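Enquirer: Below are the structure tokens for one structure; questions will follow.
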Amino acid sequence: QKEVEQDPGPLSVPEGAIVSLNCTYSNSAFQYFMWYRQYSRKGPELLMYTYSSGNKEDGRFTAQVDKSSKYISLFIRDSQPSDSATYLCAIFKISNFGNEKLTFGTGTRLTIIP
Amino acid sequence: EAGVAQSPRYKIIEKRQSVAFWCNPISGHATLYWYQQILGQGPKLLIQFQNNGVVDDSQLPKDRFSAERLKGVDSTLKIQPAKLEDSAVYLCASSPRIQETQYFGPGTRLLVL
Numbered sequence: 001q002k003e004v005e006q007d008p009g010p011l012s013v014p015e016g017a018i019v020s021l022n023c024t025y026s027n028s029a030f031q032y033f034m035w036y037r038q039y040s041r042k043g044p045e046l047l048m049y050t051y052s053s054g055n056k057e058d059g060r061f062t063a064q065v066d067k068s069s070k071y072i073s074l075f076i077r078d079s080q081p082s083d084s085a086t087y088l089c090a091i092f093k094i095s096n097f098g099n100e101k102l103t104f105g106t107g108t109r110l111t112i113i114p
Numbered sequence: 115e116a117g118v119a120q121s122p123r124y125k126i127i128e129k130r131q132s133v134a135f136w137c138n139p140i141s142g143h144a145t146l147y148w149y150q151q152i153l154g155q156g157p158k159l160l161i162q163f164q165n166n167g168v169v170d171d172s173q174l175p176k177d178r179f180s181a182e183r184l185k186g187v188d189s190t191l192k193i194q195p196a197k198l199e200d201s202a203v204y205l206c207a208s209s210p211r212i213q214e215t216q217y218f219g220p221g222t223r224l225l226v227l
């Protein structure tokens, strides 16, 4: 079983729709939850991060974490064509040994249709 | 603030040849990472440096891959000899310290024929 599972899509939605992207994880020791956005032929860029269960909002983006279900979500409201990209969930575990590792999902390729 | 720089951006080689990638992290960032991203997958950590020391290289195929970070700034990743399955994007990232936000470079796209 992979530590982080993410539906690869692709996902196509019309402009203005609400987008829901999801990941599940298996290791309850994971502590930080992140969403990265990766445009074609670019490196990933951090979109949002959270470390507690609940919602965190930033403009049109909302990150949601449910630690009891080991489930994380990213919602995009009023989606725009510029949101078309691959969205990667990433989970970070902190240890006492200095070898913390960021574990990524496979990424969901999203296309917003004008 | 300048971002993470990587070169070359693209490289095509034949199997069994060698190749090297270069990374210049954001100025002042102590931690540097190399990731491998195979098409359709998320990035996988190959090696992590703290200054010029290796923190984690558990997923680096050490029989063919090597990396160094001399003087705790720039880093090179080498593959020798390359295999077909090494075709991927090699991403470099840096962070001010361990446990802080990682900033990624644009990556080097490698195709092994």
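Protein chains in written order, with the working numbering: chain A, 1 to 114; chain B, 115 to 227. Built from N, CA and C at the ideal position, the CB exists for glycine as well. If you're wondering where the values come from, they're calculated on a predicted model, not measured in any experiment.
(1) What residue range does the beta strand (DSSP E) around ALA119/B cover?
(2) Taking CB distances under 9 Å as the criterion, tell me whether PRO111/A reaches chain B.
(3) When DSSP builds the beta bridges, which residues end up paired with GLN164/B?
(4) Helix, strand or coil for LEU184/B, going by three-state DSSP, please let me know.
(5) Could you please tell me which residues of the stretch 183-213 of chain B, in chain order, have their CB closer than 7 Å to any CB of chain A?
(6) Out of GLY9/A, ILE94/A and GLY105/A, state which residue places its alpha-carbon closest to the alpha-carbon of TYR51/A.
(7) Check whether the stretch 27-45 of chain A touches the stretch 73-89 of chain A, taking contact to mean three or more Cβ pairs, one atom from each stretch, closer than 8 Å.
(8) Using a Cβ cut-off of 9 Å (strictly closer), state whether ILE76/A contacts chain B.
(9) Under 8 Å, with one C-beta from each stretch per pair, do the stretch 116-130 of chain B and the stretch 169-185 of chain B reach the 3-pair mark?
(10) Given a threshold of 16 other Cβ atoms within 10 Å of its Cβ, counted over all protein chains shown, does ILE18/A qualify as buried or as exposed?
(11) Going by beta carbon distance, what residues of the same chain come within less than 6 Å of GLN1/A, once the five residues before and after it are set aside?
(12) Tell me whether ASP177/B sits in a helix, a strand or coil according to DSSP, three-state version.
(13) Any chance the stretch 131-144 of chain B sits against the stretch 186-198 of chain B, with 3 or more Cβ pairs inside 8 Å?
(14) I believe ALA202/B touches GLN216/B by the beta-carbon criterion, under 8 Å. Please report the beta-carbon distance rounded to the nearest angstrom.
(15) Taking any Cβ of chain A, which residues in the stretch 141-169 of chain B have a Cβ under 9 Å from it, in chain order?
(16) So if DSSP puts THR222/B in a beta bridge, which residue, or which two residues, is it bridged to?
Expert: On the basis of the supplied data:
(1) 119-121
(2) Going by the sequence as given, residue 111/A is Thr instead of Pro. False, the Cβ-Cβ gap to chain B never drops below 9 Å.
(3) THR145/B and GLY167/B
(4) In this structure, LEU184/B counts as helix in the three-state DSSP scheme.
(5) LEU205, ILE212 and GLN213
(6) ILE94/A
(7) yes
(8) Answer no: the Cβ-Cβ gap between ILE76/A and chain B never drops below 9 Å.
(9) no
(10) exposed
(11) SER26
(12) coil
(13) yes
(14) With a Cβ gap of about 18 Å, ALA202/B and GLN216/B do not count as contacting.
(15) TYR147, TYR149, GLN151, GLY154, GLN155, GLY156, PRO157, LYS158, LEU159, GLN162, GLN164 and VAL169
(16) Residue pairing for THR222/B: DSSP places it in a beta bridge opposite TYR204/B.
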